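Counting in the working numbering, the sequence shown runs from 979 upward without gaps.
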Amino acid sequence: MTLKELLKDWLSNKEMTMYADNSIIGLALDSRDIIKGYVFIALGGSKQHGMAYIDQAINNGACAIIYDPAGIGDILVEHNAHIPMIALDELAVKLGHIAARFYGNPSELMTVIGVTGTNGKTSCSQFLSQMLDDCGTIGTLGWGECNNLQKTLNTTPDALETQRILSELLKTNKKVVAMEVSSHGLDQGRVNGVAFKGAIYTNISRDHLDYHGTMDAYLQAKLLLLNSPSLAFVIVNLDDEYSDQIIETVPENVAKWGISLQQKTRPDCICINAENILNTDEGIAFDLHYQGNKHKIKVPLYGHFNVENVVTVFTAMLAMGITESESIKRLGFIRSITGRMERLGGQGTPLVFVDYAHTPDALDKVLFSAKKHCTQALWVVFGCGGDRDKGKRSQMGRIATQWADHVIITDDNPRFENALDIVNDILKGCEDIGNSTISRNVEVIQDRTLAIQSVLARASAKDCIVVAGKGHELYQEINGVRLNFSDSQVINDALTARNR
C-alpha cells in the first residue's frame, strides 16, 4: 500500500501526487515497534505527545510520520525530518478508519457483534463464542478462540490493534466476532472503523466516573456504539433503568430486540422474557418465553444475572438468523467462565464463588444470587481498586453489609493509592442502620491471602463465600508492580488445607 492509498480521504491533491509512490508495510503507535517501511503514528497523549519519540521512530526505520498537530509546539518546528511528515487534525478519531483501510476493512467481511454495558460484557461475548460456529472474541480475557485466548492490554484495544486483531481473526476463517466494547473504547474512538452488525446493551450502572465524570456522560459514551452505519440489530435489557434512552437512540432502520426477567415488553421491540428462576446445586433453571412458545432451560451457571446473560445470547442468535429450535439446542453448550461466578468448594466444604464484581451493581447482583444458594451464613471478601472512582467504595461497603452475614474488607489492586485509605472509604458505607458505628459483622484483613484463608478456616460446610473484585486476574497491582496472585489458587490451596 502507498501513503496515497492509505490517506486518500484526508490528503490535498498536491499531497496525493507527492505520496503516490511512497510504499508502506506497517503502522505503529509505539516508536519501539517501528521497523524499516513502517509508518509512525504520533497521537497526542494525556502525559506526552507521540512526537516526543520521533527520533527513535526515524532511527528504527520509519518511512513516514502521521501526527496530530495539536499541542506539539516546538517539537515539530525544531525537527528537520527527511521523510514525509503528515499532519492530520483529530488523528485519534481518524485512526480507526485509517487502520481499517490498511488491514483491508476486515470487519466488513465478518459479522461483528459489539457487547457493551457495565456488567456482563465478558460473559455474553464468551457465551456467544461458545455457541456460534467460527466465532472469535475480543475482550477482557483476551482475543482469539474462547479456549485459546491471547492477552490484550485493555478490554477494547487501541484502534490500530483492534483492526490488526480483526485481520488476524479473518485470516483464521472466523465468520463472527463477539467484541466487548468499553465506554473508554467508544469515547476514545478505538472502535472507529469497525463495521458492527449487532449491538448488545447488557445494563448501565455506575462505573468509570473517575473518567467520565457523570452518569449522563458515561451513558452518552455507550450510545456511540449506535452510530455504526452497518448496524442491523440492537438487543437491550428492558429491566435496566436506561433502556428507554437507549431504545430511543436506535436508528429507525435497525431491528430492536428486548429481554426481560420482569415480563416487560415494548411494542417497538421483539421481546423475550424469562421467569420461574430456580437456583440449584447444579446451576440455574428457568422458563424462557418467545412468541408464545415456552422453553425450560437448565444451564450449569449460577446467579440471576446469568439468566439475563443466557437470554441475551439466545436473542443474539435469533437476531443473526439462527432458528429458535437450533438456538435452544445451542444453549446446552454453555459453560462457566473463569472468574465469573466461578464455583469452587462444596460437597463437604463451603460453597465458594469467585467473581469479577467490582462495581456496586455487580456486587449487589452477585451477593443476591449467592444468597439463593446459601443454606447458612453468607461471607464476602472484597476490596476496591486504587486510582479509580472513589464514590463507589462506600456504596459497595453498604451493599456488602446489607447482604452478607460476614464482611471481610481486604486489598484489591491498590495501584498507587494508599490501601488503608481505600479501606476507610469502604468502611464509610458499612455503618449500622440508624447509628454511626461500623456494623459488627465487618472485619478488615488487608492481606488478601490471609483474608481468604481466614474465611475458609472459619466458615462452616453449609456456608457460602463470595470472593469478589478480581475474578480472572492473575496479579495484584501495588505501587505500579504486578505481583503474581490468583483468588482461585488461594481458595483451592485453603480448601486443600481445610480437608487435611
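Glycine included, each C-beta is placed from N, C-alpha and C at the ideal position. In this text, all values refer to a predicted model and were calculated from it rather than measured experimentally.
Report the residue from the options whose alpha carbon sits nearest the alpha carbon of residue i.
i        : options                                : result
Asp-987  : Leu-1069, Leu-1209, Ile-1275           : Leu-1069
Gly-1167 : Gln-1141, Lys-1149, Val-1155           : Gln-1141
Ile-1269 : Asp-1441, Leu-1197, Gly-1120, Ile-1250 : The displayed chain sequence assigns Gln, not Ile, to residue 1269. Of the listed residues, the one whose Cα sits closest to Gln-1269 is Ile-1250.
Glu-1146 : Met-1109, Gly-1163, Asn-1083           : Asn-1083
Asp-1033 : Ser-1009, Val-1422, His-1273, Gly-1015 : Ser-1009
Gly-1114 : Asp-1136, Ala-1006, Ile-1143           : Ile-1143
Asp-922  : Val-1071, Ala-1040, Met-1374, Ile-1043 : Nothing can be reported for residue 922: it is not among the residues displayed for the chain, which extend from 979 to 1478.
Pro-1229 : Thr-1243, Ile-1255, Leu-1201, His-1384 : Leu-1201
Cys-1247 : Lys-1072, Ile-1423, Glu-1226           : Glu-1226
Thr-1327 : Asp-1471, Glu-1139, Gly-1015           : Asp-1471
Gln-1380 : Val-1344, Ile-1400, Ala-1397, Ala-1195 : Val-1344
Pro-1047 : Ile-1036, Asn-1037, Leu-1066           : Leu-1066
Gln-1325 : Ser-1438, Ile-1315, Lys-1307, Gly-1299 : Ser-1438
Val-1445 : Asn-1287, Cys-1408, Ile-1387           : Ile-1387
Asp-1259 : Ile-1237, Val-1071, Thr-1301, Lys-1349 : Lys-1349
Leu-1005 : Glu-993, Lys-992, Gly-1074             : Gly-1074
Thr-1316 : His-1450, Leu-1356, Lys-1307, Asn-1231 : His-1450
Within the same chain, show all residues whose beta-carbon is closer than 6 angstroms to that of residue i, passing over the 5 residues directly before and after it, in chain order.
i        : result
Phe-1211 : Gly-1176, Ala-1233, Ala-1297
Arg-1460 : Tyr-1453
Glu-1455 : Asn-1391, Arg-1393
Glu-993  : none
Write down the C-beta distance between residue i and residue j rounded to the nearest angstrom, noting that I regard them as a contact closer than 8 angstroms.
i        : j        : result
Gly-1117 : Ser-1103 : 5 angstroms
Ala-1252 : Val-1289 : 5 angstroms
Pro-1338 : Arg-1184 : 6 angstroms
Val-1169 : Met-1088 : Wrong, their Cβ atoms sit about 14 angstroms apart, outside the cutoff.
Leu-984  : Phe-1080 : 6 angstroms
Leu-1007 : Asp-1136 : 7 angstroms
Within the same chain, show all residues whose beta-carbon is closer than 7 angstroms to that of residue i, passing over the 5 residues directly before and after it, in chain order.
i        : result
Asp-1342 : Ile-1377
Phe-1394 : Gly-1364, Asp-1365, Asn-1457, Gly-1458
Val-1055 : The predicted position of Val-1055 is uncertain, since its pLDDT is 45 and thus under 50; no value can be drawn from it.
Tyr-1280 : Gly-1261, Ile-1262, Met-1319, Arg-1321, Phe-1331, Ser-1347, His-1351
Glu-1158 : Val-1093, Lys-1099, Thr-1100, Ser-1103, Ile-1116, Gly-1117, Thr-1118, Thr-1133, Thr-1134
Thr-1353 : Lys-1440
Gly-1120 : Leu-1127, Gln-1128, Lys-1129, Thr-1130
Tyr-1031 : Ser-1009
Leu-1148 : Pro-1084, Leu-1087, Met-1088
Gln-1108 : Cys-1124, Phe-1311, Ile-1312, Arg-1313
Run through the DSSP bridge pairs and tell me what residue i is partnered with.
i        : result
Lys-1272 : His-1267
Ser-1001 : Thr-980
Tyr-1016 : Gly-1004
Gln-1505 : Beyond the ends of the chain as shown, which are 979 and 1478, falls residue 1505; an answer cannot be given.
Thr-1115 : Gly-1122, Ala-1156
His-1384 : Trp-1357
Thr-1094 : Tyr-1179
Asn-1457 : Asn-1457 is not bridged to any residue.
Trp-1235 : Ile-1213, Ile-1248
Met-1063 : Ile-1043
Asp-1342 : Partner(s): none; Asp-1342 has no beta bridge.
Cys-1442 : Leu-1329, Leu-1356
Asn-1257 : Ile-1262
Arg-1393 : Ile-1456
Val-1422 : Ile-1387
Arg-1321 : Phe-1331
Val-1277 : Ile-1262
Ile-1315 : Arg-1318
Measure from the C-beta of residue i to each C-beta in chain B and report whether the shortest distance is under 9 angstroms.
i        : result
Asp-1185 : Structure shown: chain B not included; a single protein chain is present.
In whole angstroms, what is the alpha-carbon distance linking residue i and residue j?
i        : j        : result
Gly-1051 : Gly-1023 : Note that Gly-1051 scores a pLDDT of 48, beneath 50, so its modelled location is shaky; the value from the coordinates is reported in the next line. Whole-angstrom Cα-Cα distance: 14 angstroms.
Glu-1219 : Gln-1198 : 14 angstroms
His-1336 : Tyr-997  : 49 angstroms
Val-1214 : Ala-1156 : 16 angstroms
Asp-1389 : Ser-1372 : 15 angstroms
Ile-1044 : Val-1090 : 28 angstroms
Val-1106 : Ile-1312 : In the sequence as presented, Val is not what sits at residue 1106; that position holds Leu. Spanning the two alpha carbons is a distance of roughly 9 angstroms.
Lys-1448 : Ala-1340 : 12 angstroms
Gly-1191 : Gly-1369 : 11 angstroms
Ile-1064 : Leu-1164 : 25 angstroms
Phe-1018 : Lys-1406 : 48 angstroms
Asp-1188 : Cys-1362 : 13 angstroms
Ala-1382 : Gly-1310 : 32 angstroms
Lys-1014 : Val-1359 : 51 angstroms
Ile-1178 : Asn-1396 : 37 angstroms
Phe-1292 : Val-1277 : 13 angstroms
Asp-1194 : Asp-1399 : 28 angstroms
Lys-1272 : Ala-1173 : 34 angstroms
Val-1468 : Leu-1428 : 9 angstroms
Cys-1442 : Gly-1236 : 33 angstroms
Looking only at its chain, what residues have a beta carbon closer than 8 angstroms to the beta carbon of residue i, apart from the 5 residues adjacent to it on each side?
i        : result
Asn-1000 : Thr-980, Leu-981, Lys-982, Cys-1041, Ala-1042, Pro-1062
Val-1285 : Leu-1239, Ala-1252, Ile-1255, Ile-1262, Phe-1264
Leu-1473 : Leu-1322, Gly-1323, Thr-1327, Val-1330, Leu-1434
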